[in-house]
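A.B. asks: The structure is given below, and queries will be raised subsequently.
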Amino acid sequence: MALTVGLRPLTRALLRPWARVPGAALGRPAAGSGDGVRCFGSPRVLVEPDPAAGVAVMKMRNPPVNSLSLEFLTELLISLEKLENDKTFRGIIITSDCPGIFSAGLDLLEMYGRDPAHCAEYWKAVQELWLRVYLSNLVVIGAINGISPAGGCLLSLSCDYRVLANNPKYAIGLNETLLGIIAPFWFKDVLVNTIGHRAAERALQLGFLFPPSDALQVGIVDQVVPEDQVQSTARSVMAQWLAIPDHARQLTKNLVRKPTADRLLQQRDADIQNFVRFISRDSIQKSLHVYLEKLKQKKG
Ligand SMILES: CCCCCCCCCCC/C=C/C(=O)SCCNC(=O)CCNC(=O)[C@H](O)C(C)(C)COP(=O)(O)OP(=O)(O)OC[C@H]1O[C@@H](n2cnc3c(N)ncnc32)[C@H](O)[C@@H]1OP(=O)(O)O
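Here the sequence shown stands for residues 1 to 300, numbered as in full-length UniProt numbering.
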């Protein structure tokens, strides 16, 4: 898949992809791997490779809430691209290193009070991440160990399989309407593909955030397991998926997902323009302001 990252050279130059992970992770052998196999990654994305299994665990760590800022999106993209191009790996598990939070979704501060050029650059990166995960040739499993609203839910929905930790706080869904904004058509498409038209219609309009039992019932996740079993379950599901020959699985995945991805690919620039126009409206900026204030006040 030929996707251009399309971010400002400055943004990319600021990052140090594939730097050794600082602090505790530095030089730590990856879990389940033999001696000499090291964790690697970038400041916000920790990659734990298990070459023997052909699997890498990608841990998001953009504290406090793994909000998908432009820099974080860029690091995720670079990690994914690197894993995708490395023949060692056939599957990745996406999970979080922030306790209780899978991802709080798109970073509201990238959309609030920003100029149109910034919003356009940001939206391009959001599109890029979705396309990269959704169309990945790798098996992508979400080990969802925290709450995942909106963009966090989109990231989960783009995986091939979702395992959610059974904690009532770990709700998942496209809650955009609660913020006074809307889910773009491609977010909507992925939700419809996953839970069906009628359930998606209700969930989107009402901004449902499904707690684990409801999430399983509606089918927005595939499995709910005790919190301490999320990673091990993701590993055993991965083994099942990797038992299928790659070429057959990849062609099938493409067959199923390409029409949905093509809808965006055919109108990426228009989608960016629509986003910028929408998000720049005074009324939408006001809604974002109110929502951000609510988040602040919640703290007391
Ligand atoms: C013609 C039409 C064209 C269509 C165009 C489309 C239009 C727009 C499409 C936009 C799609 C948007 C997708 C999104 O993902 S929007 C983000 C949705 N996310 C949320 O609603 C989650 C918000 N956060 C929370 O609910 C809580 O923070 C959470 C439950 C995740 C964690 O709670 P906790 O109590 O642990 O932590 P705090 O609330 O105290 O948060 C800590 C700090 O983090 C800040 N924060 C939280 N979430 C975000 C975020 N998403 N972006 C930026 N910052 C965030 C929070 O404010 C705290 O900051 P401070 O410490 O500075 O106060």
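Cβ atoms here follow ideal geometry from the backbone N, Cα and C, with glycine treated the same way.
Would you mind working out which of 260, 90, 119, 256 sits nearest residue 187, comparing C-alpha positions?
C.D. replies: 260
A.B. asks: Please report the straight-line C-alpha distance between residue 215 and residue 169, rounded to a whole angstrom.
C.D. replies: 12 angstroms
A.B. asks: Please name the residue in 53, 274, 54, 67 whose C-alpha comes closest to that of residue 45.
C.D. replies: 67
A.B. asks: Please list the terminal residues of the continuous beta strand (DSSP E) segment that includes residue 149.
C.D. replies: First-last of the beta strand (DSSP E) with residue 149: 146-149.
A.B. asks: Suppose only complete runs of 4+ residues qualify. What are the alpha helix (DSSP H) ranges in the region 166-222, listed by chain order?
C.D. replies: 185-195, 197-206, 212-218
A.B. asks: What's the C-alpha gap between residue 178 and residue 266?
C.D. replies: Each residue's Cα considered, the two are about 29 angstroms apart.
A.B. asks: Is residue 86 near residue 60, with beta carbons less than 9 angstroms apart?
C.D. replies: no
A.B. asks: Near residue 194, what residues of its chain come up, given a Cβ to Cβ distance below 7 angstroms and the 5 sequence neighbours on each side ignored?
C.D. replies: 157, 219, 220
A.B. asks: Can you check whether the CB of residue 161 is closer than 9 angstroms to the CB of residue 141?
C.D. replies: yes
A.B. asks: Restricting to Cα atoms, I'd like to know which of 249, 132, 116 is closest to residue 275.
C.D. replies: Comparing Cα positions, the closest option is 116.
A.B. asks: May I have a chain-ordered list of the beta strand (DSSP E) segments no shorter than 3 residues that lie completely inside the region 214-284?
C.D. replies: 223-225
A.B. asks: Is the beta carbon of residue 203 sitting closer than 9 angstroms to the one on residue 174?
C.D. replies: yes
A.B. asks: So with Cβ pairs under 9 angstroms, would you call residue 126 a contact of chain C?
C.D. replies: Of the protein chains in the structure, only one exists, and it is not chain C.
A.B. asks: How would you call residue 83, buried or exposed, if buried means at least 16 neighbouring beta carbons within 10 angstroms?
C.D. replies: Burial call: buried.
A.B. asks: Between residue 190 and residue 154, is the Cβ-Cβ spacing less than 9 angstroms?
C.D. replies: Yes.
A.B. asks: Let me check you understand the geometry: is the CB of residue 70 closer than 8 angstroms to at least one non-hydrogen atom of ligand 1?
C.D. replies: no
A.B. asks: Nearest-angstrom Cα distance between residue 293 and residue 201?
C.D. replies: 28 angstroms
A.B. asks: Given a cut-off of 9 angstroms on the beta-carbon distance, is the pair residue 75 and residue 43 in contact?
C.D. replies: yes
A.B. asks: Helix or strand or just coil, what does DSSP make of residue 43?
C.D. replies: coil
A.B. asks: Go ahead and pull the three-state DSSP assignment for residue 161.
C.D. replies: Here residue 161 sits in strand by DSSP.
A.B. asks: Using a Cβ-Cβ cut-off of 8 angstroms (strictly less than) and excluding sequence neighbours within five positions of residue 280, which residues of its own chain qualify?
C.D. replies: 116, 119
A.B. asks: Specify, as a first and last residue, the run of the beta strand (DSSP E) that residue 59 falls within.
C.D. replies: 55-60
A.B. asks: On a Cα-Cα basis, can you pick out the residue from 81, 192, 125 that is closest to residue 106?
C.D. replies: Closest in C-alpha terms to residue 106, from the list 81, 192, 125, comes 125.
A.B. asks: With respect to 8 angstroms, is the separation between the Cβ of residue 222 and the closest non-hydrogen atom of ligand 1 below this value?
C.D. replies: No, Cβ of residue 222 sits at least 8 angstroms from all heavy atoms of ligand 1.
A.B. asks: Buried or exposed: where does residue 263 fall if 16 or more other Cβ atoms within 10 Å of its Cβ makes it buried?
C.D. replies: exposed
A.B. asks: In three-state DSSP terms, what is residue 139?
C.D. replies: When DSSP states are grouped into helix, strand and coil, residue 139 belongs to the strand group.
A.B. asks: Can you grab the Cα-Cα spacing for the pair residue 159 / residue 132, in whole Å?
C.D. replies: Across the structure, residue 159 and residue 132 are spaced so that their CA atoms are roughly 11 angstroms apart.
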